[in-house]
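Written out below as structure tokens is the structure these notes cover.
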Amino acid sequence: MEVNRDEAIRCLDIAHSRLASGNITGAIKFAQKSINLFPTPEAQAFLKRVESRKTTQTPNESNNHRSASPPPPPSPSSSSREHKQGRQTREYTTEQAEAVKRIRACGVHDFYAILGISKEVSDSEVKKAYRKLALQMHPDKNGAPGADEAFKMVSKAFQVLSDPQKRAAFDENGVDPDSRNSGGMPPGFGGARFNNGFSNGAVFADEISPEELFNMFFNADGFHSATFVGPGFRARRFQPRRASPNGDGAQEQQSSAILTFLQLLPLILLFFFSLSSNWLTQTPEPMPAYSLHQTDYHTQSRYTHSLNVPYYVDPKSFSSFEQNPRRLHKFEDNVEVTFVKLLTSHCNNEAIFKQRRINEARGWVFQDEEKLKEAQHMKLPNCEKLMDLSKTKRYNEVRRMMRS
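If you want our numbering, it's the 1-based position in the sequence shown plus 77.
Structure representation (structure tokens):
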């Protein structure tokens, strides 16, 4: 991922320093880390060269080389320090230590101060502040005391301020909207979060750890999906993690699988809801009051009073609704809510499929320009319908009914 290029270059520089001081193991470690962040030919060639040297070098030669090559003296201009904890050496700069100190000095619920922003900033500025601090505070990149806690505070602040509903609740009462005493968020469809505009957020944010949130922003793999609900739609990253070079990534893969399942849960619920509706229409039991598709029982075609959504009813069972305008109005409200939910689900599927086609065209080594162009121009008819629908005043009323 392009945003990780600078960090990858820094890791490669550290790998060169480790090799110069005779620390081959450390050189391999930082070279692999550089490749994981942003693979470059230089890092891959360096790793191959160091690994071949390690296999050809005997233990005695390795020890002699380390004893004969003392580490270079620290540069006068360098503000880097090293803290040894057992066998592990963690490095950090004075700037990183000061940043940790500033964040730890904030209250745990002083989310704006933690991110270093004001209450008037936009969603994109919240995201920008998180991106900067997450890279600076990540425990793999910052060995200063308290960096782990600061990283968690930054992640928590972002989870609250990146969600319009949680941010509004926090601005109103100043307490964590996820705490039990704050009243929480109003219930929504399927437990998923639907917001306006393009912004990177996390579905089921309460269940995402700071590390998973970081990986969703900065890992190179994964694909995006889009959730339309509001005037725009929210881009989401479904993020499978790479196994570590040492083969110890099984636990991370399991955590990623659980996260992916939680992200797909709303679609799964919609799928079973659709199946159950079809099953009910095939049994001799009383039929549902309406259907969005014509069936043997739902033969009378109608359109809702507001969004002009087509639906079908059983003429016999529907006669009572026609005699009562109030009941008819409420009945068609339910029809429009169901229609928007299903249209959102179809739009999600289209966006996921399009992104997969784009990723396949880009490939791992060579990019197929023709297939990439074809995938990028793929139409999303259900998303276009949802976009047109979101421009109407009635759409916002339907969204409020979905949350109530």
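Heads up, the beta-carbon is just placed ideally off N, CA and C, and yes, glycines get one too.
- Residue pairing by DSSP places P387 opposite Y380 in a beta bridge.
- Burial is judged here by how many other beta carbons sit within 10 angstroms of a residue's own beta carbon; P343 has at least 16 and is buried.
- Around the beta carbon of Q340, a 10 Å sphere encloses 16 or more other beta carbons of the protein chains shown; the residue is thus reported as buried.
- For the pair of segments examined, the region 200-213 was found to touch the region 222-236: the number of CB pairs separated by less than 8 Å reaches three.
- With a beta-carbon spacing of about 17 Å, A174 and A211 fall beyond the 8 Å limit used to define contacts.
- Residue pairing by DSSP puts S368 in a beta bridge opposite Y389.
- By the Cβ neighbour-count rule, D240 is buried, with 16 or more other Cβ atoms within 10 Å of its own.
- For Y207, the enclosing alpha helix (DSSP H) has its first and last residue at D200 to M214.
- Three or more beta-carbon pairs separated by less than 8 Å are not found between the region 435-454 and the region 391-399, which leaves the two stretches without contact.
- Assignment of alpha helix (DSSP H) within the region 413-477, counting only whole runs of 4 or more residues, yields 446-453 and 458-467 in chain order.
- Collapsing the DSSP output to three states places H406 in a helix.
- Judged by DSSP in its simplified three-state form, I194 adopts coil rather than helix or strand.
- A straight-line Cα-Cα distance of about 32 Å links V417 and K196.
- Residue burial annotation: I105 is buried, with at least 16 other C-beta atoms found within 10 angstroms of its C-beta.
- Assigned with DSSP and collapsed to three states, D217 falls in coil, not helix or strand.
- Ranked by how close their Cα comes to the Cα of M464, the residues N219, Y169 and C424 have C424 in first place.
- Counting along the chain, the unbroken alpha helix (DSSP H) around F247 starts and ends at P241 to N250.
- Taking a 10 Å sphere around the C-beta of A182, we find fewer than 16 other C-beta atoms and assign the residue as exposed.
- It is roughly 38 Å from the alpha-carbon of R480 to the alpha-carbon of A224.
- Nearest C-alpha to H186 among L352, L96 and A246: A246.
- Under the three-state reduction of DSSP output, C88 falls in the helix class.
- Rounded to whole angstroms, L346 and T421 show a C-alpha spacing of 13 Å.
- S98 carries a coil assignment under DSSP once its states are collapsed to helix, strand and coil.
- Our two residues, A97 and D90, have alpha carbons roughly 11 Å apart in a direct line.
- Ranked by how close their Cα comes to the Cα of R82, the residues P116, F348 and A190 have P116 in first place.
- By a beta-carbon distance limit of 8 Å, E409 contacts H382. Their separation comes to about 6 Å.
- Annotation: K456 to E128 spans about 48 Å, alpha carbon to alpha carbon.
- Rounded to the nearest angstrom, the gap between the Cα atoms of E446 and A122 is 28 Å.
- In the three-state reduction of the DSSP assignment, H93 falls in the helix class.
- Around the Cβ of I191, a 10 Å sphere holds 16 or more other Cβ atoms; the residue is buried.
- In this structure, the beta-carbon distance from I180 to A227 falls below 7 Å.
- Within a 10 Å sphere around the beta-carbon of M478 sit fewer than 16 other beta-carbons, which makes this residue exposed.
- Around L114, the same chain offers N81, E84 and A85 as residues with beta carbons nearer than 6 Å, after the five sequence neighbours per side are excluded.
- The continuous alpha helix (DSSP H) containing D225 extends over residues A224 to L238.
- With fewer than 16 other Cβ atoms from the protein chains shown falling within 10 Å of its own Cβ, S199 counts as exposed.
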